[in-house]
Amino acid sequence: MSALLLGIAWGIAAVLAIAGGAVIGVWWERKVAGHIQLRYGPLQIGPAGSLQMLADVPKLLFKEDIVPSAADKPLFKWAPLMVFAPVAASLAVIPFAAGWAPLDTSVGVLFFLAVPSLEVVAILVAAWSQRNTLAAIGGLRAASQMIAYEVPRALSVLPLVLLAGSLRPTAVLGAWQWWWMPLLSIGFIVYLIASIAEMNRGPFDLPEAESELVAGYFADYSGMRWAIFMMAEYGAMIAASLFAAATFLGGGWPFGGALGTAAIVLKAALLITVIMWVRWTFPRVRQDQLLRFCWTVLVPAALVQLVVVGVVLPWM
Amino acid sequence: MDVKRARPAVPPSVSGDAEDRMGLVKGAASLAKGLGITLKAGVSRPLTVRYPQQKVAVSPRWRGPLALRGVLGRDDIPLLKSASHAYNELIDGLYRSDRLPPCVGNCPANVDARGQAFLIADNRVAEAYELVRDRNILPGVLGRICHHPCETACKRNFYDEPVAIRPLHRFAYEEYRKIRHERISPLPRTQGKSVCVVGSGPSGLAAAYDLLKLGYRVVMYERERKPGGALNTGVPAYRLPRDVLYEEIGDIVGLGLELNTGVEVGKDVPLVELIREHDAVLLAVGLQQSRILPIPGTDAEGVVGALEFLWSANFKHEAGVRGKRVLVIGGGNVAVDVARCALRVGASEVKLACLESESEMPCHPWEIAEALDEGVVALCSLGPEEVLVRHGQVAGMRMRSCLSVFDETGRFAPKFGDETTDVPADVIVFAIGQAPKIDALVAGTELLVSGRGQLVVDGTLFTTSVPGVFACGEIVTGPGSAIGSIATGHEAATSIHRYLQGLPLDGDRVARPVPVYPKHAPADITNVEANRRRAVMPMADPEERASDFRQVELGLTRQEAMAEAMRCLRCESEVCVGCTFCARTCPDYAIKVERVDEAGARCLTRYDYDLSKCCYCGLCAEQCPTKALQHTGQYELSFWHRDLMVFDKGEMLRPPTGTRATGRDGVSPPGCPVPRREEP
Amino acid sequence: MRIEELRERVCAMYPDLCPLFSIEFGDGSIAVPLERVHSAAADLKDMGFDRLGMVTAVDRGDEFEIVYRLQSRDLRAAMFLKAAVPKNDPVVPSMCDLWPAAEWQEREVFDLFGIVFDGHPDLRRILLPEDWSGHPLRKDYADDRIVRRPDYI
Amino acid sequence: MATIEDIAEFLDKAPGGGILLTTVDAVMNWSRGKSLWTFPMGTACCAMEFIAASFSRFDFDRHGTIPRPDPRHCDVMVVAGTITHKMAPAVKRIYEQMPEPKWVVAMGNCAVSGGIFYYDTYSVVRGVDEFLPVDVYIAGCPPRPEALQDAILQLRKKIASESISPRRRRPVASELPQPSDPRKGDLEEQPLARSKATAGGPDV
Amino acid sequence: MRTEELTLNLGPSHPSTHGVCRLVVRLDGEVVTHVEPVIGHLHRGIEKMAENRTYLQVVPLTDRLDYVGSMYANWAYCRAVERLAGIRVPERAEYLRVIVCELQRIASHMMGIGSSAADTGATSAFLYAFAQRDLVIDLFEALCGARLTYNYVRPGGVAFDLPEGWVEQCRSFVAQHPSAMLEIDELFFGNVIARARLKGIGVLDADTAVAWGVSGPSARGSGVDWDLRRDDPYSVYPRFDFDVVVGSNGDAYDRARVRLWECIESCRIIEQALDQLEPGPVMAEGLPRLLAPRPGDAYDHIESARGSLGVYLVSDGSVRPYRMKVRSPAFCNLAVLPLIATGHTLSDLLVILGSLDPVFGEVDR
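Protein chains in written order, with this note's numbering: chain L, 194 to 509; chain B, 2 to 681; chain X, 22 to 174; chain P, 55 to 258; chain Y, 143 to 507.
Below you can see the structure in the form of structure tokens.
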């Protein structure tokens, strides 16, 4: 019973955190994109436009909620939450402080890798329920892409687990040494790239490619339902960045306690910024190139990392 | 982005490297480079102009919505009125601000033809006459004989036909003579100095008029018994009835001019005495001698100069050519005058021979056309070679064909061919130009005379070698037009005024600008509405008129003249006259113009401009003759309703300040359509 | 190549059509009977006119005039090929087999003038909607959607 | 999910809801006005200026206005360019795809009235207000990017006067006065300068 | 396994169709098996309207043809009118025309390159290119008071002379432009992803390009060494030293990159033109208000940013053209799209469309 209560409490906290994160993230993305593009981005509401989302959110909340007449209505209506839930859940295993994670389970790493993969199902549901050609293509693209990139993503986390000898994120963080950073650099880059692909962001934003599929798998969603998709996307970015910050980058290192948590958030924010920077710099790859890149570059690279760690491990 | 001069060579192939795929390392490097470029941009200053707090400086040529500066019925045009010695500054100022109407600019004396048309259309004819007389001292005369450069430059040439400015002068005079007695009274003499003018031709009269208005005492001497100079002796009466000339000069006398006719300076009165007696002397004696070519046979009986011929034709109506064949040598206006006079004094056959080809003839085309109408025969491209003499009497002229008159540089250098023709004639009149005859005049003074018998005069200040003695008119400029002589008279008067006031003669004096106006191809008037056409000057019948000295041009009726005055576009006045050419030029037909034409109450009643059809091409404003229609620099043009986008006259006249956004005054209630505001 | 040379070469090829070769405004132009337009075009293509720059038509009142603009890179020359098309039966052989560039341009002429191109692979309207009636560039085209401009110049 | 209509209905009925409604309206209108996402219905020249308005020099994003390619996410349709009879059904359909509340800005004279393509052409719709309820008209051919930004600022003013309550709502498309005469923008055709001049006087 | 083709309708208002083009695509998976561009959504009947406008009034209409490069249509039209009416254009006007048209080429290519980049998702490169375009637009605004629809080139010359300080402004633009171009080259064309996306896509060989009437950068990308500025020289182009940029592979990459290098060549031309510019009149003298050329027909063409833009004018001696036909390069270039896009994926289809750089104002007229 208490676990259920805890779960509900965590759920609410995660939704709020993701919502807050997404609000800040969207603003930050608009600012980053703006400055990269030699302009300002939001400027009017709040300092440097930081409260722009305060205007956007109520507006989206009370937009007309269009359900296309041809759509499969129940699926159409619930798909956003299905996308959102795994992302919210995955946040639970991230060690926000040394030795503490909201859900400190012994299979935390596995949980983190596995649960967001459920998103694929949700996206497929969303895409198919609309009966929209563009959305369908977007959904298909998303499915193939996400499933493919699961592999390098998982492989890239494996060395961490090997080094730490545990699947428990807090344990990984506990065992973390600074020299892991150079040692795991290939794995980290593979993880980052695979995560970007997982969260459908540029240069791997094929499923929602604006210039091709208009909006991809959420083409027919409006108002708040669409906002939930966006929140999920930002949530995934936040989760992936937090996880990387908490594991690859050594969590709070070199600080401890509350300062450490701040360091984790800061590192995650930095990663998020890098992801945005990449997004606004590169062109988009094509579907076949995306998959080829996955199998011919990322997976071998992750395997190389694994071998390197395997070689190093006995010497520890 | 840094401004550095990079001139990369074009690569042999734009395709780049031969292999399509980059290696992993090169690929990663290219990605890093890309990230570097975006990072650099990310930390550099944004290019954004933060509208609405900051605004981009809009180009001064920005073609925003149109606005009117002024409209007929609300705004008057400025009349070019000024003291004569300050007139140049007025013209120069207009010229510099690009507000000089072409008719004014192209006139040597800068007569305000635009103002004249404005006043006549307003039924203020006497005022119009006086406005014109300030510059063109003899409007009635010039209204008959002027070669009207104003009409040549008139902007209406571009649209259809020029405004009949010269006939309007004449019309104004006809109206004015009815009330002349009310308006002429001697001017006060405020200066206490006196000026003597020798010669009563147009230039002398112009100077005298200016000086009288400035308050000087002016004494004028004329050799002939009647005043007018060349206007009196040279211009045939069928073009200029003498009573008009005497009347207008009489007006100037009425203003205080002391005119002494029948007194030849140099013979009856020595010039030295005049110089001593007066504070300044102005020589305006004109050219008094006809030139005769130095070819064999010119001493034979029957060879005459044009001036002598015209003199006798004008005053005696008899030049000894009755029933004879007359050959006029020359292609200028004087030659045409001679030819036409010869017809009138009874010549049996008049031929006109000139060097130039038909298209090159220096006389005005309408003159030769009228002459041909009357029966004159023109022999073009013929050069005189020898006068054929039989028994001491002229029998004809041997002419040699002329191939070209001017060389490549435009200098007078006739080339002759081999062919010769003999033209039989009983009288040969040379009308090839005039020369000054001033030996008797300058005798006893220190005035310098050049080797060719010409007075030495400064061409811009009109001073001679003796201080206090000035000269103007054709002795300065050479043969020219009456209005050109008048212009020199005004200049000389200004010089005299400055001299008498002890001011430096050149100093801050402004020279009148000589604008160059674009030549217009004759407009195609085949499809032009009848009411846009120029009033046609009624002419006497050619058969009838060729026999006597009555006037050929019959003058406009009052109605015609008023209508003609309304045709004036009031160029450069920034007051819209409703000429409708903007509406006609608009490729979108976004403009509608209406106007009421009632003398004294002319008014632009409607100017509707549909902002929503306008394509901002600028064609209308470019060709607006008045420059009243101008683009504003506005660009914030949001409206609540489409009907608000039709600007009426009132809206067009609103000063282009502030924003026009959201329609009138920017405060329309949102949400509901706003009905179109009625015109006040 | 200068136009005079071009005229000589065309005249050598078609002595009977030589009088129909005119030079106007610096451009050569040959008018041929409609039934010969395709063969003339083929011959001109063999002569070196490798580009079909433009296909258009002019409504001359009682008949159409079909105008081809041929260009040659090798000869550095260009010329018009024209033919009169009767209005009651406007059928013109298609040039698609010579220059594929004709495909869309002929569709456009069909769309706007209603001239039918015989042998065109896909003759449909291209600019106007499929259900449009009439051919607007004909001088007698009437459409109550058109608002006439005020008639003054 | 409670829709805005439910809330409005509740507030309309609830005692004291009027004051609350005003507050909610103020918040909603502020939020909507500051977050106007645009659908660039760009067809011709004006689309270039629309792009310019969103790019570096003019930066629409400062006003919280971003162009979205998907009509479902947009609040304002900016019709930028000439609309032909062939295009009009697509425009109308895209408008219908947008969720309420939605606004239309007619950018440029072609969208306002056909502009330069008003006379003598057979294929141009004379103004999008023939089939869409237009809120703000921007004159210009094309208007400057600032003019578009100004129009968005003006639209905010208009939004500020709206209400979520059906009773206070602005008239929706079907309630707006329909253009009875599609040529209403045209000045009635009259001879070019109706001159009341004295007999024989020239027109010009 | 039995598969079924998917028919997809893109447009007419689609972010990457560069205007209003509808593409009816049949897809086998992601591979395009058939594509049919449906054009005419912007067909405004300009050719019909021209028959109802005087010769001068047509100039603003030509502005709206190719709204990315208004100067070209102005110029091509004016050349046809001048040929028809026998007007001699003052030399300074010819220089000004060359300068503005080369600037226009830069502005237009910035749009072309930028939208190629945007099609592949590299939005920032688009904005950098657009920032360069803004500078050109500023020059145009200072010169003729409009940002897009210039109405600058007129029959007989150009509408306005240069304002004060313009030459310096133009020189400083030309001086910085090549380095900015190189940066965009590095950012986009040097990028491994962009190369992978553009290379080998939509290959058009030279012979096909000629047979289909493809011209301009789109043909030069295929190795068709043909540029009217050099090969059918008009105006004062023979006086300038410049290279014609030619690609070799005929793929989307070459087509787009030819544009980039053409901008640098345009800078060379502008610099030379500014050096040779002499004072003088900018409008032929003595033009009547209403031109009425003698009856006949004339064609003239110029090299626009999209290819050879020709105007065919028929006069019946009245003040209005009897018929005006615009030979629009974008229309002819677009016709090859089905040919070169078939067999590529959906993503590539839009890249290929973008690499042809159509402007639908000109395609549809």
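Think of the CB as a built atom: it goes at the ideal place given N, C-alpha and C, for glycine as much as any other residue. Here the structure is a predicted model, which means the values were calculated and not measured.
Provide the residue(s) that pair with residue i in DSSP beta bridges, ordered along the chain.
| i | result |
| --- | --- |
| Phe502 of chain Y | Partner(s): none; Phe502 of chain Y has no beta bridge. |
| Ala457 of chain Y | It is worth fixing the name first, because residue 457 of chain Y is Ser in this sequence and not Ala. The partner list for Ser457 of chain Y (beta bridge, DSSP) reads Y:Gly438 and Y:Pro463. |
| Trp157 of chain P | P:Val130 |
| Tyr191 of chain P | B:Phe640 and P:Ala160 |
| Asn109 of chain X | Asn109 of chain X pairs with nothing; no bridge assigned. |
| Lys103 of chain X | X:Ala52 and X:Val88 |
| Phe93 of chain P | P:Met131 |
| Leu452 of chain L | Leu452 of chain L is not bridged to any residue. |
Whose C-beta lies closer than 7 angstroms to the C-beta of residue i among residues of the same chain, with five residues either side of it excluded?
| i | result |
| --- | --- |
| Pro297 of chain B | Glu387 and Val388 |
| Val505 of chain Y | Ile181, Ser470, Ala472, Phe473 and Leu476 |
| Glu315 of chain L | Sequence check: residue 315 of chain L is Ala here, not Glu. Within the same chain, Ala315 of chain L has close Cβ partners Ala272, Met275 and Val276. |
| Val286 of chain B | Val199, Gly200, Ile439, Leu442 and Ile476 |
| Leu399 of chain L | Arg334, Gln338, Arg477, Gln480 and Leu483 |
| Val31 of chain X | Phe42 and Ile51 |
Kindly provide the ranges of any beta strand (DSSP E) runs that are 3 or more residues long and lie completely inside the stretch 166-248 of chain B, ordered along the chain.
With a minimum length of 3 residues, the continuous beta strand (DSSP E) runs that stay inside the stretch 166-248 of chain B are 195-199 and 218-223.
So, do the stretch 620-627 of chain B and the stretch 82-96 of chain B have three or more beta carbon pairs nearer to each other than 8 angstroms?
When C-beta atoms of the stretch 620-627 of chain B are compared with those of the stretch 82-96 of chain B, fewer than three pairs fall below 8 angstroms, so the two segments do not count as touching.
Residue ranges of each beta strand (DSSP E) within the stretch 58-140 of chain B, 3 or longer
Contiguous beta strand (DSSP E) elements confined to the stretch 58-140 of chain B occur at 67-69, taking only those with 3 or more residues.
Against chain X: residues of the stretch 531-561 of chain B by CB proximity under 7 angstroms
Going along the stretch 531-561 of chain B in chain order, one finds no residue with a Cβ nearer than 7 angstroms to chain X.
What residues in the stretch 117-149 of chain P bring their beta carbon closer than 7 angstroms to a beta carbon of chain Y?
The stretch 117-149 of chain P vs chain Y, Cβ under 7 angstroms: Pro123, Thr136, Thr138, Lys140, Met141, Ala144 and Ile148.
Determine contact between the stretch 562-581 of chain B and the stretch 114-127 of chain B, defined as no fewer than three beta-carbon pairs at a distance below 8 angstroms.
Output reads yes: the stretch 114-127 of chain B touches the stretch 562-581 of chain B.
Where are the alpha helix (DSSP H) runs, 4 residues long or more, that stay fully inside the stretch 383-436 of chain Y, in chain order?
Within the stretch 383-436 of chain Y, the complete alpha helix (DSSP H) segments at least 4 residues long are 394-418, listed from N- to C-terminus.
In chain order, what residues of the stretch 24-46 of chain X put their CB closer than 7 angstroms to some CB of chain Y?
Answer in chain order: Glu45 and Phe46.
Chain-ordered residues of the stretch 36-61 of chain B with a beta carbon less than 9 angstroms from chain L:
Those would be Leu36, Ile38, Thr39, Leu40, Ala42, Gly43, Val44, Ser45, Arg46, Pro47, Leu48, Thr49 and Arg51, in chain order.
For the stretch 390-434 of chain B, list the beta strand (DSSP E) runs that are entirely contained and at least 3 residues long, ordered along the chain.
DSSP runs (the beta strand (DSSP E)) wholly in the stretch 390-434 of chain B: 394-407, 413-425 and 428-431.
Given 8 angstroms, three or more beta-carbon pairs between the stretch 416-428 of chain Y and the stretch 354-362 of chain Y:
Segments in contact, no.
Along the stretch 228-245 of chain L, where does the CB come closer than 8 angstroms to a CB of chain B? Name the residues.
Those residues of the stretch 228-245 of chain L that come within reach of chain B (Cβ to Cβ, closer than 8 angstroms) are His228, Ile229, Gln230, Leu231, Arg232, Tyr233 and Leu236.
So if I threshold CB-CB distances at 8 angstroms, which residues from the stretch 65-85 of chain P count as touching chain L?
Of all residues in the stretch 65-85 of chain P, Val81, Met82, Trp84 and Ser85 have a Cβ within less than 8 angstroms of some Cβ in chain L.
Segment contact, 8 angstroms Cβ cut-off, at least three pairs: the stretch 391-399 of chain L with the stretch 464-476 of chain L:
The stretch 391-399 of chain L, when compared against the stretch 464-476 of chain L, does touch it at the 8 angstroms Cβ threshold.
Pick out the complete alpha helix (DSSP H) segments inside the stretch 307-366 of chain L, 4 residues or longer, and give them in chain order.
Counting only runs of 4+ residues, the alpha helix (DSSP H) found wholly inside the stretch 307-366 of chain L occupies 312-322 and 326-357, in chain order.
Under 9 angstroms (Cβ pairs) to chain Y, residues found in the stretch 516-527 of chain B:
Under the 9 angstroms Cβ criterion, the stretch 516-527 of chain B contributes Pro519, Lys520, His521, Ala522, Pro523, Ala524 and Asp525.
Would you mind listing the alpha helix (DSSP H) stretches within the stretch 234-284 of chain L that are 4+ residues and don't spill past its ends, in chain order?
If we require 4 residues or more, the alpha helix (DSSP H) runs fully inside the stretch 234-284 of chain L come out as 245-254 and 266-283.
Enumerate, from N- to C-terminal direction, the unbroken alpha helix (DSSP H) stretches of 4 or more residues contained entirely within the stretch 262-329 of chain B.
Listed in chain order, they are 272-278 and 307-317.
For the stretch 212-224 of chain B and the stretch 527-534 of chain B, state whether three or more C-beta atom pairs, one from each stretch, are separated by less than 8 angstroms.
Remark: fewer than three beta-carbon pairs, one from each stretch, lie closer than 8 angstroms, so the stretch 212-224 of chain B and the stretch 527-534 of chain B are not flagged as touching.
Interface residues of the stretch 152-168 of chain X facing chain P [CB-CB below 9 angstroms]:
Of all residues in the stretch 152-168 of chain X, only Trp153, Gly155, Pro157, Tyr162, Asp164, Arg166, Ile167 and Val168 place a beta-carbon less than 9 angstroms from a beta-carbon of chain P.
Inter-stretch contact at 8 angstroms, needing at least 3 Cβ pairs: the stretch 79-97 of chain P / the stretch 115-128 of chain P
In short, these stretches touch, since the Cβ pair count reaches three.
Interfacial residues, the stretch 225-248 of chain Y to chain X, with Cβ spacing under 9 angstroms:
From the stretch 225-248 of chain Y, only Arg225, Leu226 and Gly228 have a Cβ closer than 9 angstroms to chain X.
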